[in-house]
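Visitor: Encoded as structure tokens, here's the structure I'll be asking about.
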Ligand code: BTN
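In structure tokens, the structure reads:
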């Protein structure tokens, strides 16, 4: 059971601290609070949420607020019981150990919990448009916009994104990554890996067609549209738009030869909220790894690639070229070999793949 759970960075830190010193029975969080400044107060909220999530995921058994009488008077503390440990002696963590915990948590300040602020709409033009407006107003990092239906849903390369009211997952995530501009295209891979993983968790075998399509049985089931606002050569904000065909019946639509849905693959309907939560859980993991400089999402895109090793046609500046796909680079670029044996790297803005692949 535990092995199935993808742990967040904060969870890993807490577990490693607890594992290294299994006699930790208590963490004196009140003492932390007393000695911390405003910034750490924010961190405390992250810690509480993390502990709650760890209980939910059965990584720790319980997390309780307690009072104890000490020589110095009443002391509040948090009791953490770790799963699998036979007997936990009650020991109070001293201040120097507590400081170590705080330091780990501070080093984890980049951890972002996506979707804590989720805003629902009935009908919108495009969730990416709403998200852009909100990003300009500096809505909180990781805010998610979800809509029941879109009247002007769009995809990459000015394509239309077709949906049916209330049937599919339509959402956008607002991000302010403090990362160099050249890494922004990795976020498309982060989204594609998250979608692919989420789909696998529902029992389908998904493949990723670089840069932004997720396929099941060779048909597109989800698409990602990442739009980046740049100011002074830096990322101002990034909008990650994701559309997933969940309950839409495509079998009677003209796109049936190229598109599919959860319903068409699995024969039953799914809660869109459940699909969204699964997707956010995955995105949380891959995006936080990206913030730490880890290219795990790109690895997932490579391992599940629909096109690596294949001969395909790419279009660049309105001209088609026959190439062989070699790999995906760590920065998310596609590595191809042209007909003369030259190896070249292309970003997602430079080329598009012919729709037959
Ligand atoms: C593609 O396949 O080219 C990308 C499709 C992305 C569609 C999603 S749906 C939510 C968000 N809002 C949009 O207008 N587009 C994205």
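In this note's numbering, the protein residues as written are 2 to 358.
Where a beta carbon is used, it is the ideal one built from N, C-alpha and C, also for glycine.
What are the start and end residues of each continuous alpha helix (DSSP H) run of 4 or more residues lying completely inside the stretch 293-335, in chain order?
Guide: Fully enclosed alpha helix (DSSP H) runs of 4 or longer: 297-304.
Visitor: Does the contact criterion of 3 or more C-beta pairs under 8 Å hold for the stretch 180-195 versus the stretch 258-278?
Guide: No, the stretch 180-195 is not in contact with the stretch 258-278.
Visitor: Report the CB separation of residue 209 from residue 197 in whole angstroms; it is logged as a contact under 8 Å.
Guide: Going by Cβ atoms, the distance from residue 209 to residue 197 rounds to 5 Å, so yes, they are a contact pair.
Visitor: How long is the line joining the alpha carbons of residue 285 and residue 291, rounded to whole angstroms?
Guide: The straight-line gap from Cα to Cα measures roughly 10 Å.
Visitor: For residue 355, does the count of other Cβ atoms within 10 angstroms reach 16, so buried, or fall short, so exposed?
Guide: With fewer than 16 Cβ atoms within 10 Å of its Cβ, residue 355 is classed as exposed.
Visitor: Under 7 Å from any heavy atom of the ligand BTN, does the C-beta of residue 259 make it?
Guide: No - the ligand BTN has no heavy atom lying nearer than 7 Å to the Cβ of residue 259.
Visitor: Are three or more beta carbon pairs between the stretch 132-143 and the stretch 236-255 nearer than 8 Å?
Guide: The stretch 132-143 is in contact with the stretch 236-255.
Visitor: Under 5 Å from any heavy atom of the ligand BTN, by CB: list those residues in chain order, please.
Guide: Every residue passing the under-5 Å Cβ criterion appears here: 127, 128, 129, 154, 155, 156, 157, 162, 171, 224, 226, 242 and 244.
Visitor: What number of angstroms, rounded off, separates the C-alpha of residue 301 from the C-alpha of residue 180?
Guide: Approximately 21 Å between the Cα atoms of the pair.
Visitor: Under DSSP, the beta strand (DSSP E) around residue 1 begins and ends at which residues?
Guide: A question about residue 1 goes unanswered here, because the residues of the chain that appear run from 2 up to 358.
Visitor: Within the continuous alpha helix (DSSP H) that includes residue 265, where are the two ends?
Guide: 263-267 is the span of the alpha helix (DSSP H), which, as asked, contains residue 265.
Visitor: When DSSP labels each residue in this structure, what does residue 185 get in the three-state scheme?
Guide: Reduced to three states, the DSSP call for residue 185 is coil.
Visitor: Buried or exposed: which applies to residue 344, given that a residue is buried once 16 or more other Cβ atoms fall within 10 Å of its Cβ?
Guide: Answer is exposed; the Cβ neighbour count stays below 16.
Visitor: Confirm, please, whether the CB-CB distance from residue 177 to residue 147 is below 8 Å.
Guide: No. Outside cutoff.
Visitor: Quick check: what's the CA-CA separation for residue 249 versus residue 128?
Guide: Spanning the two alpha carbons is a distance of roughly 19 Å.
Visitor: Should residue 317 be labelled buried (16 or more other beta-carbon atoms within 10 Å of its own) or exposed?
Guide: It counts as exposed.
Visitor: Use the C-beta contact count for residue 334: other C-beta atoms within 10 angstroms, 16 or more gives buried, fewer gives exposed.
Guide: Per the 10 Å Cβ criterion, buried.
Visitor: So, helix, strand or coil for residue 140, using DSSP?
Guide: In this structure, residue 140 counts as coil in the three-state DSSP scheme.
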